[in-house]
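Chemist:
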Amino acid sequence: MRRPSLIHGGDRGGGYGEAIAKAPSQADQAVERWRLMKNASRVFLDAVRKSIRQIRKAVGCAIIDPKLLAYAENLQYEGYLRRKETKEAILELA
Numbered sequence: 068m069r070r071p072s073l074i075h076g077g078d079r080g081g082g083y084g085e086a087i088a089k090a091p092s093q094a095d096q097a098v099e100r101w102r103l104m105k106n107a108s109r110v111f112l113d114a115v116r117k118s119i120r121q122i123r124k125a126v127g128c129a130i131i132d133p134k135l136l137a138y139a140e141n142l143q144y145e146g147y148l149r150r151k152e153t154k155e156a157i158l159e160l161a
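Following our numbering, the numbering of the sequence shown begins with 68 at its first residue and continues without gaps.
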């Protein structure tokens with residue numbers, strides 16, 4: 068069953084098309100709002116990730132508290148510390 072008033076952005080899952088066909092006509096707004104928020108969140112997080120150094124510098128967070136980092140940020144920070152230690156050890160040997 069087709070609903071001409073229902074607009075959806077894509078069929079990415081197996082049951083998505085079937086669910087769209089059965090959904091009430093107000094669902095188009097909910098789906099589009101969800102998709103808009105998802106895309107806006109992704110773009111915002113990408114922008115923050117690319118500018119995190121400048122953001123921290125502007126906010127005055129030169130010292131990083133690992134307890135405040137997200138898991139992925141913590142992994143990156145730990146890698147940074149390991150690389151820094153390795154660089155310092157190499158410079159001492161030179």
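Each residue gets a CB set at the ideal place from its N, CA and C atoms; glycine is no exception.
1. Excluding five sequence neighbours on each side, which residues of the same chain lie with their C-beta closer than 8 angstroms to the C-beta of G127?
2. Less than 8 angstroms between the beta carbons of Y147 and P133, yes or no?
3. My parser needs the alpha helix (DSSP H) runs of 4 or more residues fully inside the stretch 116 to 159; what are they?
4. Please list, in chain order, all residues of the same chain as V115 whose beta carbon is under 8 angstroms from its beta carbon, the five residues on each side excluded.
5. Where does A107 sit, in a helix, a strand or coil, going by DSSP?
6. Quick one: Cα of A125 to Cα of I131, how far?
Modeler: Considering the structure as presented:
1. By one-based count along the sequence shown, residue 127 stands at place 60. Setting aside the 5 residues that flank it on each side, G127 has no residue in the same chain whose C-beta is closer than 8 angstroms to its C-beta.
2. As a first step, residue 147 must be located in the sequence shown, where it is residue number 80. As a first step, residue 133 must be located in the sequence shown, where it is residue number 66. Contact: no.
3. For the stretch 116 to 159, the continuous alpha helix (DSSP H) assignments of 4+ residues that do not extend past its boundaries occur at 119 to 126, in sequence order.
4. Locating residue 115 in the sequence shown gives position 48, counting from the first residue. I122.
5. Taking the first residue of the sequence shown as 1, we reach residue 107 at position 40. Here A107 sits in helix by DSSP.
6. Position 58 of the sequence shown, counted from the first residue, corresponds to residue 125. Position 64 of the sequence shown, counted from the first residue, corresponds to residue 131. Rounded to whole angstroms, A125 and I131 show a C-alpha spacing of 14 angstroms.
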